[in-house]
Amino acid sequence: MLEYSRKAINFYEGYPQVWSRLPVITKNEVINQWSSFVTGHKAMFKFFYSFGYTGGTTGKPMKLVQSKLRFLRELGAMYGYWWSLGWRGECRAVIRNASLPDKQVKMHKFKGVIVFDGFKRENEYLEFIWSEIERLNVKWIHAYPSSAYSLFKYARDYKIDFAIRGVFMGSEGIHDYQKVLFNSLKLNWGTWYGHSEKLIFATKCPVSDVFHLDDYYGYTEVLGLGGEVEVGCQGSLVGSNSHNKGFSLIRYDTNDRAIYLGDRCPSCGEKSRAIRDIIGRWDNNLIALNNGSTISTTALNSHDPYFSEIHEGLQYRQTEPGSLKIYIIKSKDWNEVIFQEYQLFLEGVMSGKCEFQVEFIDKLIFGENGKFNLLLKY
Ligand SMILES: [Zn+2]
């Protein structure tokens, strides 16, 4: 693809064929020189390619050129992963970003999906989803983690006897209290990392929180300031196109970060390059302290396993540096002693650089696109 790009993509013309000498490019650089990343081979362009945009969750959206046949690779990677979880092409319920009137559902017979509204989370609607799932004998669910959590929390609280075999969850990070619920219901669940520029795809290891990088999908580097980071260190996830001849991004900095674990998964031993602790743009996750520095919300994760048991929802809100609101939904196992320990832990992490106030709530706050943001900034 590098060889192709040097010939057909203006930006790469004149660059040597030495990987390490190619510049790492950022989204802003691509936006500013957008046309120099598009193929110079214009013949049949409209026939082979279409346009799309990156999500606007952070800053400016970027225009993308996508192959009209991209679904072969996209679905190949995704379906391959779902297959490894036991899915064999059966019908699945999708609860993501569709907004539908009343209790209507959308059926796509060809794709084998039944789409529910991803914005309605009230009990009456959750009950409706469960009755449809049973009526249509659906065994698999594809949802945002927050939607899946609402649905299965309802099933647990109202003792719904379900026959779901597995849940596929993307687009948001999965929080510990959510994992506690999914595991307690013995759900076979999977999650992956991807992004709209479609250069990196990584899937959760079956036995741990490690992610395996799919080097066939695209090539991923984990880079620090001086190049590839050492095993155990955190760096930027930098992806390279391996298949899009219309719009070639090589060494593109996704602005997401992760810890590099080397070329074999340390948990299951699979011979696949591996990363963990991905900090995605969806996390929007830096808390501003009163001394001008920031800490990630990951730093506020309590390592006390019992803390995950005593709450069923957690969200932060920051409207000014040095002050943070922490919203918590108590679970039925709420325990004051563990909560006090959690507060001591937070005081230690913040060490006087950020005041925090805990508020107990009944419902999490969702964005207009139906997605959950751990840290609200309004
Ligand atoms: Zn593994």
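Read in the working numbering, the sequence shown has 137 at position 154, and its numbers run on one by one without any break. Glycine included, every Cβ here is placed at the ideal spot set by N, Cα and C.
So residue i and residue j are in contact, right, with Cβ under 8 angstroms, and what is the actual spacing, rounded?
i: residue 291; j: residue 328; result: About 13 angstroms separates the two Cβ atoms, so there is no contact after all.
i: residue 346; j: residue 301; result: So it is not a contact: roughly 19 angstroms between Cβ atoms.
i: residue 178; j: residue 151; result: About 17 angstroms separates the two Cβ atoms, so there is no contact after all.
i: residue 102; j: residue 88; result: The Cβ separation is near 14 angstroms, so there is no contact.
i: residue 241; j: residue 249; result: Not confirmed; about 14 angstroms, so no contact.
i: residue 127; j: residue 154; result: 6 angstroms
i: residue 33; j: residue 49; result: 6 angstroms
i: residue 336; j: residue 305; result: 7 angstroms
i: residue 310; j: residue 298; result: 4 angstroms
i: residue 307; j: residue 270; result: 6 angstroms
i: residue 236; j: residue 9; result: 5 angstroms
i: residue 259; j: residue 192; result: 6 angstroms
i: residue 368; j: residue 182; result: Given a span of -16 to 361 for the chain in the structure shown, any question on residue 368 remains unanswerable.
i: residue 234; j: residue 6; result: 7 angstroms
i: residue 143; j: residue 123; result: Not really, about 17 angstroms apart at Cβ, beyond 8 angstroms.
i: residue 214; j: residue 251; result: The Cβ separation is near 17 angstroms, so there is no contact.
Is the beta carbon of residue i within less than 7 angstroms of some heavy atom of ligand 1?
i: residue 251; result: yes
i: residue 193; result: yes
i: residue 190; result: yes
i: residue 248; result: yes
Can you name, in chain order, every residue of its own chain whose Cβ lies under 6 angstroms from the Cβ of residue i, other than the five neighbours on each side?
i: residue 206; result: 218, 219 and 221
i: residue 186; result: 64, 175 and 195
i: residue 200; result: 60 and 184
i: residue 293; result: 314, 316, 317, 318 and 321
i: residue 96; result: 75 and 77
i: residue 296; result: 312 and 347
i: residue 1; result: none
i: residue 47; result: 35
i: residue 91; result: none
i: residue 83; result: 100
Once you ignore the five residues that flank residue i on each side, which residues in its own chain have a CB closer than 7 angstroms to its CB?
i: residue -10; result: none
i: residue 212; result: 205, 206, 218 and 243
i: residue -4; result: -11
i: residue 31; result: 50, 51 and 229
i: residue 273; result: 304, 305, 336 and 337
i: residue 283; result: 329 and 332
i: residue 20; result: -8, -6, 13, 230, 231 and 232
i: residue 25; result: none
For residue i, which residues from the same chain have a beta carbon less than 8 angstroms from its beta carbon, with the 5 sequence-adjacent residues on both sides left out?
i: residue 253; result: 188, 195 and 247
i: residue 268; result: 262, 279, 280, 281, 357 and 358
i: residue 171; result: 68, 69, 148, 149 and 150
i: residue 434; result: Shown here, the chain extends from -16 to 361; a query on residue 434 therefore has no answer.
i: residue -13; result: 228 and 231
i: residue 163; result: 291 and 292
i: residue 130; result: 78, 79, 101, 104 and 353
i: residue 342; result: 308, 309, 310 and 311
i: residue 39; result: Note on residue 39: pLDDT 47, under 50, position unreliable in the model; no value is reported.
i: residue 3; result: 210
i: residue 115; result: 76, 88, 97, 99 and 121
i: residue 326; result: 341
i: residue 18; result: -7
i: residue 134; result: 78, 109, 112, 113, 124 and 126
Whole beta strand (DSSP E) runs in the region 137 to 170 with 3 or more residues, listed along the chain? Counting only runs of 3+ residues, the beta strand (DSSP E) found wholly inside the region 137 to 170 occupies 149 to 152, in chain order.
Those runs of the beta strand (DSSP E) which lie wholly inside the region 53 to 88 and span at least 3 residues: You should have 75 to 78.
Whole runs of the beta strand (DSSP E) within the region 255 to 317, excluding any shorter than 3 residues: Residue ranges of uninterrupted beta strand (DSSP E) with 3 or more members, entirely inside the region 255 to 317 and ordered along the chain, are 257 to 262, 269 to 271, 277 to 279, 294 to 303 and 306 to 313.
Could I get the ranges of all uninterrupted beta strand (DSSP E) runs contained in the region 218 to 243, with 3 residues as the minimum, in chain order? Correct list: 235 to 243.
Curious, which full-length alpha helix (DSSP H) runs of at least 4 residues does the region 89 to 138 contain? Complete alpha helix (DSSP H) runs here, min 4: 106 to 118.
Quick one: which unbroken beta strand (DSSP E) runs of 3-plus residues sit fully inside the region -6 to 39? Chain order, please. List check, beta strand (DSSP E) in window: 32 to 36.
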